[in-house]
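Written below as structure tokens is the structure these notes are about.
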Amino acid sequence: MKSRGEKIRTLMLTLIIILIFSLFKVQSSAMIAGAKHGLTTWWEVILPALLPFFILSEFMVRLGVIHFGGTLLEPLMRPVFNVPGSGAFALVMGMTSGAPVNGTIATRLRNLKMLTSKEGERLIAFTSNSSLLFMVSAIPVGMLNRPDLGIIIAGIHYTTNIILGIILGQLSKYLDKSSQIKSQRNELAQPIGLICLFQKAVKSASEYLETNYTGIRDMSKEIVYDSMIKVVYIGGYIMLFSVIIKLLFELAIIEQLYVNLKHIIPTAFRDINLISSFFAGLFETTVGTEMAVESNQELVHILAVISFILGWGGFSIHAQVITVTAEADFSMNTFIATRLIHGFLSGLSVYVVLIFLPVGQNLITTTALFERSDIFTLIKLLICYKVALIGLLLLLSILILIFKPVINWLLSLIR
Numbered sequence: 057m058k059s060r061g062e063k064i065r066t067l068m069l070t071l072i073i074i075l076i077f078s079l080f081k082v083q084s085s086a087m088i089a090g091a092k093h094g095l096t097t098w099w100e101v102i103l104p105a106l107l108p109f110f111i112l113s114e115f116m117v118r119l120g121v122i123h124f125g126g127t128l129l130e131p132l133m134r135p136v137f138n139v140p141g142s143g144a145f146a147l148v149m150g151m152t153s154g155a156p157v158n159g160t161i162a163t164r165l166r167n168l169k170m171l172t173s174k175e176g177e178r179l180i181a182f183t184s185n186s187s188l189l190f191m192v193s194a195i196p197v198g199m200l201n202r203p204d205l206g207i208i209i210a211g212i213h214y215t216t217n218i219i220l221g222i223i224l225g226q227l228s229k230y231l232d233k234s235s236q237i238k239s240q241r242n243e244l245a246q247p248i249g250l251i252c253l254f255q256k257a258v259k260s261a262s263e264y265l266e267t268n269y270t271g272i273r274d275m276s277k278e279i280v281y282d283s284m285i286k287v288v289y290i291g292g293y294i295m296l297f298s299v300i301i302k303l304l305f306e307l308a309i310i311e312q313l314y315v316n317l318k319h320i321i322p323t324a325f326r327d328i329n330l331i332s333s334f335f336a337g338l339f340e341t342t343v344g345t346e347m348a349v350e351s352n353q354e355l356v357h358i359l360a361v362i363s364f365i366l367g368w369g370g371f372s373i374h375a376q377v378i379t380v381t382a383e384a385d386f387s388m389n390t391f392i393a394t395r396l397i398h399g400f401l402s403g404l405s406v407y408v409v410l411i412f413l414p415v416g417q418n419l420i421t422t423t424a425l426f427e428r429s430d431i432f433t434l435i436k437l438l439i440c441y442k443v444a445l446i447g448l449l450l451l452l453s454i455l456i457l458i459f460k461p462v463i464n465w466l467l468s469l470i471r
């Protein structure tokens, strides 16, 4: 039996589809142009950028890497974010490849009973980032012609999301009273040495492989097939929302919204192009950011709108995350609320950060290597970045484990 909410969502989706098909006759050229743009984006950007990491993440699960590494990362992830150590892999994938790869990992972890549904919901919420390449290459280099701004855009985006993750984790310690999580915390609270932790990690991976290893040939075939299906689903959503955005402009709906809401919009944002980019960004990030750059506003306002769009993610990304998490018992309420808060916090943070880092100055940049690299070189760089990030998290986890008595003593003094 479907719940009332599911019935309402199904009805709304049906009405939207009927509306789109009814508009096809009168706006066929616009719809074809939108679909073509979406298909081009999927083929040239999404397919080569996401498919390798869908495959990589599934191999890490099937080969026991997440079981092994997740146990080692437990001392870091549990106290800070109140999620299992295996959640670090969703964090790393989210910080490099962006959503919805993190949702794929969270779903697999849930299906393997490595986290609870509440933990999975929080994990998806704060690991859903925009693509690293998009923030340090496409926007600052390709759109703004300011490679130095990549550090600001990505830094604000990641920092605010991690802060939200910490807040969600600490709140959950007081709000979630399930006995399962209590037992996990009690187990974690017991002192454990580095050698014991390593032995526990080896045991966890070994037990998983004993019951789940299927052979490399069958495993590879299943992984490639499942990953390709997910990427095709994502392509469908990209085309759908490209068509919707095209229709919104062809039917002058966004212009009408601007006229009706103009009196409540702050003066700095009353440029029709900037407002149009905001509304477009609610649906799809790439279109929204491109339009924001093309507006005639000050750079600080453009960066604020871009940061909001990246934090929000767009309905297109939301639909992709919902698709890849459909196999798990996750509610999307925490995800949607966190995306909205992330968007507003990121936009406001731009004004705070640029007080200390004026955009008129050329900043020290680490994005120069992204300027003239082809997509496959960028993928190699991303893989190196992932390995380095996992190594850093492992180092932090080990340091926390070693200095845990000192940390507990300092916390007791504060209390």
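For the sequence shown, the numbering used here begins at 57 and goes up steadily by one.
For glycine and all other residues, C-beta sits at the position ideal for the given N, C-alpha and C.
In the three-state reduction of the DSSP assignment, Arg-273 falls in the helix class, which pools H, G and I.
Burial is judged here by how many other beta carbons sit within 10 angstroms of a residue's own beta carbon; Asn-201 has fewer than 16 and is exposed. With a threshold of 16 other beta carbon atoms within 10 Å, Ala-155 meets it and is buried. Straight through space, the alpha carbons of Phe-339 and Leu-359 are spaced by roughly 18 Å. 8 Å or more divides the Cβ of Leu-227 from the Cβ of His-398.
In the three-state DSSP reduction, Met-133 falls in the helix class (H, G or I). Rounded to whole angstroms, the separation of the alpha carbons of Thr-345 and Ile-195 is 8 Å.
Nearest in C-alpha terms to Thr-172, of all of Val-197, Gly-143, Thr-152 and Gly-150, is Gly-143.
When rounded, the separation of the alpha-carbon atoms in Leu-452 and Val-136 is 11 Å. Going by DSSP, Leu-179 is part of the alpha helix (DSSP H) stretching over 173-183. Close CB contacts of Glu-175 within its chain, under the 6 Å cut and outside five residues either way in sequence, are with Val-139 (chain order).
Note on geometry: alpha-carbon atoms of Val-101 and Thr-381 lie some 22 Å from one another.
Residues of the same chain with a CB within less than 6 Å of the CB of Ser-298, apart from the 5 flanking positions on each side, are Gly-90, His-93 and Gly-94 in chain order. By the Cβ test, the stretch 302-320 is not in contact with the stretch 107-124, since fewer than three Cβ pairs between them sit closer than 8 Å. Leu-165: member of the alpha helix (DSSP H) spanning 157-167, first to last residue. Annotation for Gly-159: Ile-180, Val-377, Val-380 and Thr-381 place their beta carbon closer than 6 Å to its own, counting only its chain and skipping 5 residues before and after.
Segment contact: the stretch 347-357 against the stretch 316-333, three or more CB-CB distances shorter than 8 Å; contact assigned. Here the alpha carbon of Gly-198 sits roughly 20 Å from the alpha carbon of Val-406.
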